[in-house]
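Colleague: Numbering (the numbering used here), first residue to last: 487 to 675.
C-beta: ideal position from N, C-alpha, C; glycine also.
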C-alpha cells in the first residue's frame, strides 16, 4: 500500500463566501469524515495538495494527515471536487480509516517478461489486470507482479498462483485464469 504524508490546518470558517476567499488565497478546504467522531474541517495549501494528489492518483494510498493542532489521522481519499472549467481544486473529502481493520482493495497486476510461448508465435491473453485482496491496509501490496517468462504455449497462471503477502487473502476466485498463452487465433480457456 502506497503511503504519503500531508500537512493540514484546522479550519474554523465555513460557508460559501469564506471558502471562496480561501481558494483565492491558494488554500483548498477539506473535511475528514469517520473515526466515530464529528467531521473535522481542514484547509490545505492548494499547490502542495495538487502535487501530492497527482503523485498517487489511481493508487491505493493511505494518507497520514499531520494537522497543525498536533494530531495525526490515517485517511484515504473520499472525493475530490474540481472546477469543471478550470480543473482547479475546489474541495477534498478524506475518510478516516482504522489501520487494524480488514478491508478489501483492488490491486493492479503487472505482467513482466516475454513468455516462451509468445517467442514461439503465441498470443498472450490477459484476463485480469487487477485482483481483489483483503487484509489490513498497510499489509496490502501496491501491486502484484507476475513473471510470465516461463509460460509456454497453452499454459496459464490462475489468480490463486499470484504471489501475495502471507497475511493477505485473495478475494478474487483463485481458479480464474489471470493470463494465458494460446496459439494464434485461438481463444483463451
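How far does the beta strand (DSSP E) with residue 532 in it extend, from its first residue to its last?
Modeller: Counting along the chain, residue 532 falls outside any beta strand (DSSP E), though it belongs to the alpha helix (DSSP H) covering 532 to 541.
Colleague: Can you list, in chain order, the stretches of the beta strand (DSSP E) that have 3 or more residues and sit fully within the segment 569 to 626?
Modeller: The segment 569 to 626 contains these whole beta strand (DSSP E) runs: 575 to 582, 589 to 598, 609 to 612, 616 to 621.
Colleague: Within the continuous alpha helix (DSSP H) that includes residue 510, where are the two ends?
Modeller: From DSSP, the alpha helix (DSSP H) with residue 510 extends over 502 to 510.
Colleague: Find the nearest neighbour of residue 532 within the set 617, 665, 574, 488, judged by alpha-carbon distance.
Modeller: It is 574 whose Cα lies nearest to the Cα of residue 532.
Colleague: Are there three or more Cβ pairs, one per stretch, closer than 8 Å when the segment 590 to 601 is compared with the segment 623 to 630?
Modeller: Result yes; three or more Cβ-Cβ pairs closer than 8 Å.
Colleague: For residue 599, which option in 635, 617, 611 has the closest C-alpha, if you only look at C-alpha atoms?
Modeller: Closest option to residue 599, Cα to Cα, is 635.
Colleague: So, for residue 548: in the same chain, excluding its five sequence neighbours on each side, which residues have a beta-carbon less than 8 Å away from its beta-carbon?
Modeller: Closer than 8 Å at Cβ, skipping near neighbours: 487, 488, 489, 490, 560, 561, 562, 583, 585, 623, 624.
Colleague: Looking at residue 618 and residue 657, is the spacing between their C-beta atoms short of 8 Å?
Modeller: Contact flag set, yes.
Colleague: With which residues is residue 491 paired in a DSSP beta bridge?
Modeller: Answer is 550.
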